[in-house]
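Asker: Sequence lines, in order, name chains A and B. Read in the working numbering, the first sequence has 712 at position 712, and its numbers run on one by one without any break. If you count the second sequence from 1, you need to add 797 to reach the working numbering. Heads up, the beta-carbon is just placed ideally off N, CA and C, and yes, glycines get one too. This structure is a prediction, so every number in the text was calculated from the model and none was measured.
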Amino acid sequence: MTDEHARMEKLLEVEAAPAVPQLHPMRWIHENLFPSPISGLLTLVTVVAVIGFVYGILSWIFAPQRALVPEGVTTVDEFVLDITLDDLARVNRVEPGQAVESGDLLALSTSPIEWEVPAGVDDVTGFAGYLLTSHDAAGWVPAADGSVDEAGDPVLERVTGLDPGDYLTTAADVVRLNGLSDGAALVPGETYRVEGSARQWDAISTNSRNYFTLAYPTSQYLRVWLSFGIVCALVGLSLAAWTRRPRLSSARMARRLTIFGSLFAGIAVLAPWSVVPDAVSIVVGAGLAVVGFLGRRRLLRRNDGDREDVSLMGVLLAVLATLIGLMWLLPEVVGKMEIAATTKVPLTVMALVAVGGFWVGKAIKASQVSLGALKGTLIALWALSMPVIYLVILRDPQLTPEGVSVWSYLADDLAASLVVAALGAVLLWFMSGRSAGEAGKAVSGVLVLAAFLSWFPYEVFTVGAVLVVGAVIAVVWFLSGPSAERAMVAAALLAAAVAVWSHPTYTEMTSPGVVETLWGNPWLEMIKVKLLLGGLASFGLAASTFGGNERSRISLVVGWGAAAFLVTFFSIVSEGATSLQLESDPIGGMTLTVLLAFGGILLSFPIGVLLALGRTSTMPIFRLLSTSYIEAVRGVPLITVLFFGALFLPIFLPTDLRVAASLKALIAITGFSGAYLAENVRGGLQSISRGQYEASQALGMSTVQMTIFITLPQALRAVIPALVGQVIALFKDTSLVAIVGLADLLLVARAIVPGQPAFIGSQLENLAFVAIVYWIFTFSFSRASLRIERKLGLGER
Amino acid sequence: MAISVDHQSTQHQRVPPWRNVTFLKWALQLAVLGVVVLILYLMISQANRNLRALGLDFSFDFLDKPVNFPIAEGITKQPESSFHALKTGIINMLRISVSGILAATVLGVMIGIGRLSSNWIVNKVATGYIETIRNIPLLVQIIFWRAFGQLVLPELDKAAAGPIDGWLFISKKGVSFAWLFPADGFWQWLAFLTLGFFVARIAYRRRMRLKEERGAETYAISWGVGAFLLFLVAGWFVHPVMGFLGWLWDAVSWFFGILPLWSMQLILAALAVSGGGLFVKRFLDSRRTPAGLAKLTDDDWFRIVFAGAVGLAGAIAMFLLPGVARTLLDWGERFFAFFAGKFEWLGRGGSPLNFSRPEVVQPGAFSNYGTTGLTMTLPFFAVWTGVTLYTAAFIAEVVRGGVLAVAKGQSEAGLALGLRRFQLLRFIILPQAFRIILPPLGNQYLNLAKNTSLAVAVAYPDIVAVGTTVFNQTGRNVQVILIWMGFYLTVSLTISAFINYYNRRLALVER
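1. If you reduce the DSSP assignment to three classes, tell me which class Y1150 of chain B lands in.
2. In terms of residue numbering, what span does the alpha helix (DSSP H) encompassing T711 of chain A cover?
3. So what's M619 of chain A in DSSP terms, helix, strand or just coil?
4. Using a Cβ cut-off of 9 Å, pull out every chain B residue sitting near S39 of chain A, in sequence order please.
5. Answer yes or no: does any C-beta atom of chain B fall closer than 8 Å to that of K732 of chain A?
6. Between V1336 of chain B and T1249 of chain B, which are expected to be in contact by the criterion C-beta below 8 Å, what is the C-beta distance as a whole number of angstroms?
7. Near R787 of chain A, what residues of its chain come up, given a Cβ to Cβ distance below 7 Å and the 5 sequence neighbours on each side ignored?
8. In this structure, does DSSP put I961 of chain B in helix, strand or coil?
9. Locate the alpha helix (DSSP H) running through E1014 of chain B, then write down its first and last residues.
10. Flag this pair as touching only if the region 1253 to 1272 of chain B and the region 1211 to 1229 of chain B have three or more C-beta atom pairs under 8 Å; answer yes or no.
11. In chain A, which residues lie with their C-beta within 9 Å of the C-beta of E928 of chain B?
12. Could you check whether S1050 of chain B and E1130 of chain B sit closer than 8 Å to each other, using their CB atoms as the reference points?
13. Any heavy atom of the ligand FAD within a distance shorter than 7 Å of the CB on W1128 of chain B?
14. Give the range of the beta strand (DSSP E) segment to which L977 of chain B is assigned.
15. What span of residues does the alpha helix (DSSP H) with V1253 of chain B cover, start to end?
16. Can you name the residues that DSSP bridges to L248 of chain A?
17. Any chance the region 671 to 685 of chain A sits against the region 606 to 618 of chain A, with 3 or more Cβ pairs inside 8 Å?
18. Can you name the residues of chain B whose CB is closer than 7 Å to the CB of S735 of chain A?
19. Is I739 of chain A closer than 8 Å to A1254 of chain B when the C-beta atoms are compared?
20. Within the same chain, show all residues whose beta-carbon is closer than 8 Å to that of G1120 of chain B, passing over the 5 residues directly before and after it, in chain order.
21. Closer than 9 Å between beta carbons: that is the criterion. Which residues of the region 607 to 639 of chain A meet it against chain B?
22. Buried or exposed for L214 of chain A, going by 16 or more other Cβ atoms inside 10 Å?
23. Name the two residues that bound the continuous alpha helix (DSSP H) containing L44 of chain A.
24. Which residues in chain A sit within 7 Å of M1327 of chain B, going by Cβ to Cβ distance?
25. Who are the Cβ neighbours of R931 of chain B in its own chain at under 7 Å, not counting the five residues just before and after it?
26. At a Cβ cut of 7 Å, what residues of the region 1273 to 1288 of chain B count as close to chain A, listed as they run along the chain?
27. Hey, would you say V1288 of chain B sits closer than 8 Å to P1237 of chain B, going by beta carbons?
28. At the level of alpha carbons, what is the spacing between A1246 of chain B and G1239 of chain B?
29. Kindly list, in the order they appear in chain A, the residues whose Cβ is closer than 9 Å to that of F820 of chain B.
30. Is there a Cβ from chain A that is less than 8 Å from the Cβ of L830 of chain B?
31. Among all the DSSP beta bridges, which residues are the ones paired with V785 of chain B?
32. Decide yes or no for the touch test of the region 244 to 261 of chain A against the region 416 to 430 of chain A: beta carbon pairs closer than 8 Å, at least 3 of them.
33. Cβ of N1297 of chain B less than 8 Å from any chain D Cβ?
34. Report the neighbours of F643 of chain A on chain B: residues whose CB is nearer than 7 Å to its CB, in chain order.
35. So that I know if they touch, is there some Cβ in chain A lying closer than 8 Å to that of I940 of chain B?
36. Check the DSSP bridge columns for L611 of chain A and list the partner residues they point to.
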């Protein structure tokens, strides 16, 4: 294995590093920027446009507070930032003293902030007085010396990043920021810079907890970090399992460092008003650029050209370490920033966990454990992580329903699951035998029917289910070979259990708020038993495909046991009350976005595969059903589907079945994404050559075996890039739940943070922040998809 | 499975139904169909029960009842009924979709070409644009543009409006600019233009044929454009002579008026049946081989029966639901009567187009845009900018992919023939690239049309936003959601039908 790897890598290395001929810079510019007059003109226009755009963005980001020197002020020492009554009147198009009504919005002159006129204030002058007395929380304070200007108006000062009450613009500040000398003369009417940005970037740092989880109680925040830690560990392990010692070119890294350094210095030059001390930024940026440039030349000379000689993981580790180090050191150096220990410590631990996970993964990979087993386990862990985090860690369920004694709970709830699991195991063992034959199929058909009927709220169906089981057992008897008899015995046992368990006392202990319905058989009323029956039916259907020799039979039964355990565990857990005192959904912000995106893709995957199989099937009714579902869903926008889930779904369901808003959104997203996924999978299925089908038929495989072992794996492999594209699209689409009122990342940025009195008018800052967060996620996914694509192409050569 | 094969190969006995693959297949399909129908039935009956418990019923009567809420913009600001309100929303949605599709195509093609450019900086800027825009959710962008307009754009000030006073105003109230509007003689002039288009086409074809016959330059394009321009200019002055068309439209409208209901039903039913029949005929033709009709599988039979059944069901439905035919008749009558009103023999002699410059009015304390000029309100601006920029990024990738997909040998062969770069692009690359680009481009148009539904987030009154108001007022959310879905499905199917039609026309004729 490792031998092969080494050989492969050697092969790649030779191919991947053709010597790049070094162009002279002037020649490069001529060839790439000014090859022809028209192209040159285009270059100039583009350069001007780019510089204008970047300058515009930078000046928006760092938007300096500018202040006009008032008449009568002649030296720096007299200069203060003020809001006058005239300003208020001008900006709001009112006369000083004009009447205003409470509830009107008035703007302040130097910022986009609007203030509501409070009750009791009825003219502009009164409003100014109100501002003076009540807005220190928002950063507007009366001048510390309580001064008034000539007109008798209060002098207000804007403070940003300072404690209320601090001086904002001292003479020393004005001197420093405007490059004046102390006591220098100012020109009236000229604009001077004063400290602080008009942008409220502190809205984001102050609300990082809201962005992360919204209303999750602070006292329980350890749970959030625990969940985050699980994900970090899995990321580390997966990186170790799936990457094959990826390498980067150190010369290229040095070039990136040059670009980064010059960009940093350039921004510092273009934005001298930034909060970070200017000279230091320029020097640091330029230093990085020089180091990168010199390093690149040296490396190119030493390596005799471009060569991939640095481990990607090493680079990632170094970046991570630098970031963590900066987080600890930068506030000390800069002095003004402050990062709370409750942020610093957990983030450091998370980084350590991820790195630890990576090393553990590497150790496992180096040991005797097969890579396939490691990857399989990791996939299972990933699939499990979402429900475990959501249902167990974040929700902290109380396992026994309220008012039920532990003993009756164990006797009824757990015993029911145990019985189904044990009987199911026996049944599966017989059904997966080589000689189960048609009898096995008939039994699995009965199971499907029973599982289906158990969901109906009418007694006639559940009684019917048992009757049908009995009838079909008779048919099986008629068809039977020796193993079918044994299967039949097990089925009879199951039917008997169903009948015996139908004692009426069970209804008394159904947990409140879950599924309280009126229908008959109390045993089948338990949602976990219905789920288990469904699971057993699907295992029964799979038995003839996955059965055969002793070993595969054992693994099938073990698989059933695990599935039964998980179903039981999660249904009990989700039925239980939570120990958190929460008014609504505990989940919001980024956590909700991630849950919807990954939950949606996980759940829609089987739906998509089934729909794709249906659409490419030779059976016309399946084709018709799948096609109409897919086309109908793809023809309407997601927002209508979300409204459908939020308003329509409850009407279709029994009135006493209450579904959480986030679950409704998840259902809608799953149904929507399933249709798109189906089209991707269909593309894969259609790309498989005819010969594959014919060969598997020639081997005597059944349609199910052919699909599961031959065509589907190839189809899924071929469409992995498209599937990643679907994940990206879904991740972006989750933002739509904000429209139906779920507090995802976007709603936090759009309504919750700017809704706080301190951050009114900070929409753009918050939106820019979430745009960057979305961008980072989707961009890294698309890069990953490109890598996978390249890797797959490599495999097919 | 193995057992049944043994049986068949050794002795030729009749296969019992539980081993007959065809029987099992159909039993399974019918069982699943039954299950689906059963689930739907149970859900619908539950929905009926729930609606009745809420005191609501499943009918669309509420559409005609008067409503009382304003709509911010559109053909009406005070809708008379829910139907009127939804119609306003539909027209608003179509306005944004059509203008967005046009703008996104232009921008997308430009950026796509920029992405292919050998000019380093143009290439990088185009790449940067695509990678930025594509990876940020559209909704974030739309809300961003709305907040941008609200917070960054200047207040509208009558004294100092700009940036180009009298031509283009940009402010918190939106964007208003000079524009041409259809005026009195527009429709008559348009008739002239249509005529001119056909004449130009004929002229172009004739000159092309001549060119092929003689092998000399015949200036076909100039002839075509010239003919069209001639009609355009002449029509501007003499368009009242087209007024005679008014009589024609009147006659058509009158004909729709006197046509009895049963005849329309008959025509529609005949259309449905012949549609089904045509499908069956084409299908059978496709199965015909030189040796006669191929053996039909059960799948083929299903298609034939299904197409026939759908055709028949459509025909019967036309008689069971006379409203469809009635509506069609009414619409036909009103549509042509509307047209007839726009034409007058030697009348309506005014200029076909009016040029109108924007203005700022200040009735009270606050300025606003006047009624002249084309005004984009802030919500319209936000949605339009958002969907246009977003879709343009995807269209750029489609264009780039299409051009790159043309085999390299094609351009090499073209160059070897001595074609110049422009000729190479015009005659070799673009025609082939267009064929590849068209289907994904159509998908992007579809996405744009669907994405306009996000307008609800910035309170632009499209069909979704108006619909939410309607169901908040009337409580009929089931019906409104169904209307939404039906409308968007119609739009989607229409767009994909267009794309399919062009795709078929452009497809290579294969042997």
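Answerer: If we stick to the structure as given:
1. Translated into the one-based positions of the second sequence, residue 1150 of chain B becomes position 353. Just to set this straight, residue 1150 of chain B is Leu in the shown sequence, not Tyr. Strand, per DSSP.
2. Reading the first sequence from its first residue, position 711 is the one you call residue 711 of chain A. Careful: T711 of chain A lies outside any alpha helix (DSSP H) and carries neither H nor E.
3. Indexing the first sequence from 1 puts residue 619 of chain A at position 619. DSSP places M619 of chain A in coil when its eight states are reduced to three.
4. As a first step, residue 39 of chain A is located in the first sequence; it is residue number 39 there, counting from the start. Correct list: S914, S915, N916 and V919.
5. Here residue 732 of chain A is taken as the residue at index 732 of the first sequence, counted from 1. Closer than 8 Å: yes.
6. With chain B covering only 798 through 1308, there is no way to say anything about residue 1336 of chain B.
7. Within the first sequence, the letter at position 787 stands for residue 787 of chain A. Closer than 7 Å at Cβ, skipping near neighbours: no residue.
8. The count along the second sequence starts at 1 and reaches residue 961 of chain B at position 164. Of the three classes helix, strand and coil, the one that applies to I961 of chain B here is strand, per DSSP.
9. What you label residue 1014 of chain B is simply residue 217 of the second sequence in a count that begins at 1. Counting along the chain, E1014 of chain B falls outside any alpha helix (DSSP H), and DSSP gives it neither H nor E.
10. no
11. For the purposes of this step, residue 928 of chain B is taken as the residue at position 131 of the second sequence. Those within 9 Å of E928 of chain B in chain A are W775, F779 and S782.
12. Residue numbering aside, residue 1130 of chain B sits at position 333 when the second sequence is read from its first letter. Residue numbering aside, residue 1050 of chain B sits at position 253 when the second sequence is read from its first letter. In contact: E1130 of chain B and S1050 of chain B (Cβ atoms closer than 8 Å).
13. You won't find the ligand FAD in this model; it holds no ligand whatsoever.
14. Indexing the second sequence from 1 puts residue 977 of chain B at position 180. First-last of the beta strand (DSSP E) with L977 of chain B: W976 to P979.
15. As a working mapping, residue 1253 of chain B is identified with position 456 in the second sequence. No alpha helix (DSSP H) contains V1253 of chain B, which DSSP labels as neither H nor E.
16. Indexing the first sequence from 1 puts residue 248 of chain A at position 248. Looking at the DSSP assignment, L248 of chain A forms a beta bridge with A:V310.
17. yes
18. Residue mapping note: residue 735 of chain A aligns to position 735 of the first sequence, counting from 1. Those within 7 Å of S735 of chain A in chain B are P934, L936 and V937.
19. As a position in the second sequence, residue 1254 of chain B is number 457, starting the count at 1. As a position in the first sequence, residue 739 of chain A is number 739, starting the count at 1. Against a cut-off of 8 Å, the Cβ pair of I739 of chain A and A1254 of chain B comes out as a contact.
20. Taking the first residue of the second sequence as position 1, residue 1120 of chain B is located at position 323. Closer than 8 Å at Cβ, skipping near neighbours: no residue.
21. T618, M619, P620, I621, F622, R623, L624, L625, E631, A632, R634, G635, V636, P637, L638 and I639
22. By one-based count along the first sequence, residue 214 of chain A stands at place 214. L214 of chain A is buried by the Cβ-count criterion.
23. Position 44 of the first sequence, counted from the first residue, corresponds to residue 44 of chain A. From DSSP, the alpha helix (DSSP H) with L44 of chain A extends over P37 to I61.
24. Shown here, chain B extends from 798 to 1308; a query on residue 1327 of chain B therefore has no answer.
25. Position 134 of the second sequence, counted from the first residue, corresponds to residue 931 of chain B. Cβ within range, chain order: A1190 and F1191.
26. N1274, V1275, I1278, W1281, M1282, Y1285 and L1286
27. Mapped onto the second sequence, residue 1288 of chain B falls at position 491. Mapped onto the second sequence, residue 1237 of chain B falls at position 440. No. Outside cutoff.
28. By 1-based counting over the second sequence, the position of residue 1246 of chain B is 449. By 1-based counting over the second sequence, the position of residue 1239 of chain B is 442. Approximately 11 Å between the Cα atoms of the pair.
29. On the second sequence, position 23 is the one that residue 820 of chain B refers to. Within chain A, no residue comes near F820 of chain B; the closest Cβ sits about 13 Å away, beyond 9 Å.
30. Here residue 830 of chain B is taken as the residue at index 33 of the second sequence, counted from 1. Interface residue, yes.
31. What the structure shows of chain B is the stretch from 798 to 1308, and residue 785 of chain B is not part of that stretch, so it cannot be assessed.
32. no
33. In the displayed structure, chain D is absent; the protein chains listed are A and B.
34. As a working mapping, residue 643 of chain A is identified with position 643 in the first sequence. What F643 of chain A touches in chain B: I1278.
35. One-based indexing of the second sequence puts residue 940 of chain B at position 143. Closer than 8 Å to some Cβ of chain A, the Cβ of I940 of chain B qualifies, so yes.
36. Start at 1 with the first residue of the first sequence, and residue 611 of chain A comes out as number 611. None; L611 of chain A has no bridge partner.
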